[in-house]
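What follows is one structure encoded as structure tokens, with my remarks underneath.
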Amino acid sequence: MIDAQPINMSVNKTNASQHHLTGHACYMRLLEISDRPSPVEIIRQLRQLLDQLFRHLTREETRSFGNLFARMQFYFDKYTVPAHLEEQLTILRILTYKAINHHLRTDDELALICIRTMADTICHFFEEPIPEILESLCSNVQDKTLSYAPQLSDELVPQLKCLVTQVGILQKKPGHAPYFMLDCRNDELGQFQLMISESVYTHATSLHAQLRAYDTIHVLYCSKSEAPQVYEAVSVTRIILEPDLLIDISDLAECFGRHGSHQLLYLVRKLVPQTPGIAAFKGNVVNSLLDNVLRDPKMELRQSFVEAVADHVLQAAAYGRAELNSMFADIRSLHWPNLLQSAAEMHNRPVRIEPTFFSANYGLQGRLDILAEDESDPLRKEIFELKSGRSPEYGAWKNHEMQVVGYNLLLQSAFGDERRGSSAILYSAAADTPLRNVSSSRQAENELLALRNEIVSQLLRLAAGEYDILDKITEEAAEGLPAFNVVHFTAFHDVYQRASPLLRTYYQQFLSFLLREYLLAKCGMYSAAEREEDAEGFAALWLLHEQEKLERFNIMPGLQFRHFDTDSSTVVFNVEIPVNHNFRPGDTAIIYPRSADGLFPLRHQVLKGRIDDLAKDTLTFSLNNRQIGHDFFAQQQLWAIEHDIYESNYWIAATALFHVLEPRLQEKMELLLGRRAPQTAPQRIPVPKMFNDNQQGILQAALDAEDYYLIQGPPGTGKTSALLTALVGVLAATETQTIVVAFTNRAVEEICRKLETKGIAHLRMGSRRSATENRLRQYCMEGDIAGAAQFILQQRVFVGTVATMATRLHLLQMLGVKTDILIADEASQLTEPQLLGLLMPFRKFILIGDQNQLPPVVAQDDFFCHTTQPLLHAEGISDLRCTLFERLIRRCKDNHWHYAWGMLNTHFRMHTDIASLINHYYAGQLSAGSAQQSYPHNMTEHPGSENWAQILSKGRTLFIPSPLEPTSKMNRTEANRVVSLLHYLRNRYGQRFGKETVGVVTPWRTQISLIRELIGNDEQLQAINIDTAERFQGAENDIIIISLAVYHPVQLGLLQNLGVFHWEQDRVEVDRKLLVTLSRARHQVIIMGYEPVLRASSHYEELLNSITSCV
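Residues 255 to 1365 in the numbering used here are what the sequence shown spells out, letter by letter.
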């Protein structure tokens, strides 16, 4: 709308040290927004600024907020805000939401009024005057205000998503059913009350206990009362607490028994380790048999059984041939005839196997076994749920019935009330009537939703630090449950109540920490103000418009089906709509069909998997559901892909915390808390000759350690390529069995490559395509289960992700694999609870990492990570983000246990000129491993040479100042310079130019997008790694170009990641992100950025003073 002009900006160390918003930064952002080309784009950006502002204002509140509505209303209620401004901000929130979702026509005048409202808001909250340039811009709308009139409906309201502002007292009058009033706000209705009486809403009393002010609820069907601005629940009303937090239906269903629902069972199943037995394995096999016979009715039982067992080879080997023979005989006589009959009945119908659906109407998610359709009736969709266990004499077990009830709600949400079709449970072992119909009554649906609300309430309270619910887990509370459930209730009660105050506090604090991460990943609760990409969590799938997803680079919306590989269950798509995105191979993701009228993921089956390969024009996706076929993809013209989350990872860590409380592991906890010194004893193991004495000493000390050893490996010191492989190689030559883990599949694959290079035999766990997994599968296909078990037991080295090992370690132990030694690579990228549970069974562990490099990704706001518990402070635990690796190293240094840790001090990557920029972060301990790392810079400037040749000849560490461009997270001048430099480097290197030559690091996705846009269709330059520091960790290039694209000191909070390095008496503050960025370069590093802002950081000021400036 206007030409961007700079505001007078003073930069100082004080405002740079703050990570939070300032009024000045908001005004500059507002100016940038005003320059957007269209009113709708301006309003979309204003919405983001409004959201960021209120995240900032509520950053120190101890409760969670489901959305912007909740944050704003909470702030207005707690703090004094002028009535006119509160009204205008409320309208601004409503109008921006409507405009984004195309429910409101916009024009230049409306955009200017919105800008003026935002300027007034910034002025009020930061007490900084509105800059003249903004005053001038808005002068024509000086006297105009935003207006919006809510309309109270006189009808039955079918759907109402609203904010609870106050929960009234539960009224219990004689002769009347209990009732209460909710004060609510909604964009359409404004402020209103909702009366909820137990006479029509059966679960009113329990709902009253669950609800709190600023909760978001979804009200389905309520009626206008005779009283003004009052609505009331009616017999068909349903109320869903925090509907964007989806709970899995199978988890809910398992909480039901003959006597109704057990509200604590969900938590107990999540918090107490559950070891699946052979019945669960048998259930998986029977499910596979049904899937196989549906796909190929002529498949014989033996072949199908063998294939099903081969898909679960570890379980098969653990249980042994005798159990498998017994299982096969049972299946052949009882299950197989029923499976054949059921498959025959569905033979001529379109069948979806294991489809996944999400419902934000009911706050549910689930994966059905079978969804049968009818080509002549698109609305007929029938549910078949397979159960391989014992069946009741008639009807269905309550938990199975409730599972089907939940799936009916899912289909109703996805396909509408018009959806038709029956629902049935197939008891495959039943002698009589194996297929049993399940009727989904409104009462049963309400019971399920009421339990869901209770569980959501429990999770919210635990995340907020309210632990009284844990005291209610007792043996008495398990009354009416099966014996195996009672055992889990008793186990939790015994260890939790008997735990020391320290261990109970440890458990509570880390449980809340994990649940906050879980809630954030699911629906954005507890997210930091500056992390816009986390604002909605996974719920962004349905909450955000396509354009917003594109602006966050979180979607590829136009994929066209090309090919399906049945053997590997991979699908290849053509990228028909090229967009800038942040996907890369290895990412977990979901795909779903793109409708003709847009993106509607909640109306479709969603497919989960991971990206195997990603090129400019194609994407290869590996499906988790191996039952999908070619025809399913061919039916849809276009597909979309978005990011997924692994919910199980959060619960694996939460379950592992149970071990903290167990009396049998208290000695281990004493060790892990640093209360007991680790032991060491010389080992008579031949050690290979390493590169130098430092490596030799660390390798020997790691082998001598009896409890644990910690290895800090600065960049380029060969902690994985040299030391880990040498360590594993030595251990593999002994009778010791070693398990090696890393956080990501990518890191695990790198470890496997290094081991293969050294000829070290190992078993890669969790990869269905690895050579060893294929060999195990072949044993099964040949019927040699004993051979598979023997092959596993003979292995000396097992490698997998932390999550894989956490779920499979018990099977390895069943086979007789010894838990001798655990080696965790990149341990400094794992939070304490992520690693803790895995360590517990092992006699000894070795952690390899570097606390000076990037820490684990923790998305919740800093405020929630700092614990105020004195008991934990006394043990050195004050920040829950701190890794076990870093905490133990600090403990070892404090207690002078020098034999328990070591730091590699010889690097083999960086030229000494580059290493000198980060060496102070290691107290000057690093030295180069080869003479060529100290060779002089031999590129000389020649008269008349190109500008880039002149600049690059000035040294190995260069700074190119950028002009001020007040645009958020991008700088066009820098982007143009980066692309120009890439073209020059290609010409200079000629045939030697490739992906290893140069990499580009920038903090912002927007800048990455701009650079790639300027590169255009140049495939060679597009192949260059252009990414954030977080995604560069572990990579290296000859030349690293750094585009910082900053314009205001407030951005330094996102640019930096600060930590502390202790060395003897020194305490060094480390900018971990800067360290990682600089240390990716072998020969030369070129930094671009706006100097006045960068010098506001002491770390960047020291850097700029140490390198050559090319003005």
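From the three backbone atoms N, C-alpha and C, an ideal C-beta is built for every residue, glycine too.
Spatial distance of residue i from residue j (CA atoms)
i       : j       : result
Asp686  : Gln1032 : 37 Å
Val490  : Tyr475  : 6 Å
Gly660  : Glu720  : 29 Å
Gly1041 : Ile939  : 31 Å
Gly1343 : Glu1228 : 8 Å
Gln1083 : Phe997  : 7 Å
His338  : Arg1285 : 46 Å
Glu1010 : Pro1124 : 48 Å
His654  : Val335  : 52 Å
Asn579  : Leu417  : 58 Å
Val563  : Gln666  : 35 Å
Ala1060 : Leu1092 : 6 Å
Arg1022 : Leu364  : 56 Å
Pro968  : His1316 : 14 Å
Pro1109 : Gly1103 : 10 Å
Glu1004 : Glu802  : 35 Å
Tyr616  : Gly670  : 13 Å
Phe807  : Glu1323 : 33 Å
Leu680  : Gly514  : 22 Å
Ile952  : Gln966  : 10 Å
Thr344  : Gln327  : 9 Å
Gln751  : Pro917  : 11 Å
Arg770  : Ser781  : 9 Å
Same chain, Cβ closer than 8 Å to residue i, five either side skipped, listed in chain order
i       : result
Gly1198 : The pLDDT assigned to Gly1198 is 48, lower than 50, so where the model puts this residue is not dependable; a value taken from the coordinates is nonetheless given after this. Here the set comprises nothing.
Ser1181 : Asn1159, Thr1160, His1161
Lys726  : Leu518
Tyr433  : Leu424, Gln425, Met449, Ile450, Ser451, Glu452, Ser453, Ala458
Bridge partners - residue i, DSSP secondary structure assignment
i       : result
Asn828  : Gln814, Thr872
His1386 : In the structure displayed, the chain extends from 255 to 1365; residue 1386 sits before or after that span and is not available.
Gln1114 : Ser781
Leu680  : Leu640, Leu689
Arg674  : Arg634
His1161 : Ala1182
Glu1323 : Val1314
Lys1249 : DSSP, once it has assigned bridges, lists no residue as partnering Lys1249.
Pro1215 : Gly1343
Ser1363 : Phe1213
Leu417  : Arg439, Thr470
Cutoff 7 Å; reference residue i; Cβ partners in own chain excluding five residues on either side
i       : result
Leu925  : Pro932, Asp961
Leu804  : Val833
Gly1130 : Gly928, Arg1141, Arg1144, Arg1145
Residue j beta carbon less than 8 Å from that of residue i
i       : j       : result
Ile1168 : Leu1309 : no
Asp469  : Glu452  : no
His1150 : Ser1132 : no
Arg1452 : Ala698  : What is shown of the chain runs 255 to 1365, which leaves residue 1452 out entirely.
Cys1034 : Val567  : yes
Leu1218 : Leu1357 : no
Val1255 : Ala1283 : yes
Leu633  : Arg674  : yes
Gln1107 : Val829  : no
Pro412  : Gly444  : no
Leu1206 : Asn1230 : no
Leu856  : Ala614  : yes
Neighbourhood of residue i by C-beta distance below 6 Å, restricted to the same chain and skipping five residues each side
i       : result
Ile1341 : Phe1213, Ile1296
Near the ligand NAP: residue i beta-carbon under 7 Å from a heavy atom
i       : result
Pro1217 : Ligands in the displayed structure: none, and consequently the ligand NAP is not present.
Every unbroken alpha helix (DSSP H) inside the segment 504 to 542 [4 residues or more]: DSSP assignment within the segment 504 to 542 yields the following whole alpha helix (DSSP H) runs of 4 residues or more, N-terminal first: 519 to 525.
What are the complete beta strand (DSSP E) segments, minimum 3 residues, inside the segment 839 to 914? Listed in chain order, they are 842 to 847, 861 to 868, 872 to 877, 893 to 897.
What are the uninterrupted segments assigned as alpha helix (DSSP H) that are 4 or more residues long and contained completely in the segment 1228 to 1275, given in chain order? Runs of the alpha helix (DSSP H) inside the segment 1228 to 1275: 1259 to 1269.
Report the residue ranges of all alpha helix (DSSP H) runs contained in full by the segment 436 to 517; include only those spanning at least 4 residues, in chain order. If only complete runs of 4 or more residues are kept, the segment 436 to 517 shows the alpha helix (DSSP H) at 458 to 464, 503 to 507, in order along the chain.
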